[in-house]
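For reference, the structure discussed in these notes is given below.
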Amino acid sequence: MKASSSDTVKKIFSQYLEKKGQRKTPERFAILEEVYSYNDHFDVDSLYLMMQNKKYQVSRATIYNTIELLLECNLVTKHQFGGNIARFEKAFECLRHDHLICNICGSVTEFCDPRMKEIQNMAAELMDFDISSHALYFYGVCKNCKDKLKAAEEGTTEPENNTNE
Ligand SMILES: [Zn+2]
Ligand SMILES: [Zn+2]
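What the sequence shown shows, in the numbering used here, is residues 1 to 165, in sequence order.
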């Protein structure tokens, strides 16, 4: 992350904590930093492990509590990609994107299409609705899994596989 946006993100968080009468602990800022240095989706457990590997002394409870605060001030986005584990990603100055989720391996792929913005603007205008955010998830089968399925199918259609019937 660029130094300037790192400062901005810290400032936003700091102001939010002040407004909410929450303590500005070094742990909370370390978590913010870790979240913003990471370029993918993560869950609380993987963030906890990443921080442990870097020898940060933060508890899971502190991570949960800090993520809640980051969600409230819109510095983090929450996703439910299927299954019941919530995943998160940084939200500040990130390109608006949507997600394709594979039902087989659970992989998450991002895609970005500027037409999404047009659709949003049109819906807002048509319905006279102030849109603050949107969520769009496509579920299906990724290329990797399709290739594997195809290979498996081709493998089982070989005649010599029918010997133990
Ligand atoms: Zn897959
Ligand atoms: Zn994403």
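Here a beta-carbon is modelled for each residue, glycine too, at the ideal position from N, C-alpha and C. Given the structure is predicted, the values throughout are model-derived calculations rather than measurements.
Secondary structure of residue i, DSSP reduced to three states
i      : result
Thr25  : coil
Arg115 : helix
Val199 : As displayed, the chain neither begins before 1 nor continues past 165, which places residue 199 out of reach and without an answer.
Val44  : helix
Per-residue burial, residue i [other beta carbons within 10 Å of its own, 16 or more giving buried]
i      : result
Lys150 : exposed
Leu49  : exposed
Ile119 : exposed
Ala123 : exposed
Asn161 : Only weak support is given to the placement of Asn161: the predicted model assigns it a pLDDT of 49, under 50, and the value that follows is read from those uncertain coordinates. Exposed.
Phe13  : buried
Rounded C-alpha distance that separates residue i from residue j
i      : j      : result
Cys142 : Arg87  : 19 Å
Gln80  : Tyr36  : 20 Å
Lys117 : Val58  : 38 Å
Ala135 : Pro114 : 15 Å
Gly155 : Cys105 : 20 Å
Arg43  : Val76  : Just to set this straight, residue 43 is Asp in the shown sequence, not Arg. Answer to the nearest angstrom: the Cα atoms are 12 Å apart.
Thr109 : Lys54  : 27 Å
Asn144 : Gln15  : 44 Å
Chain B within 9 Å of residue i, Cβ atoms only
i     : result
Arg87 : Chain labels in this structure do not include chain B; a single protein chain is all it has.
Quick check on the contact list: which residues have their beta carbon closer than 6 Å to a heavy atom of ligand 2? His41, Glu89, His97, His99, Glu110
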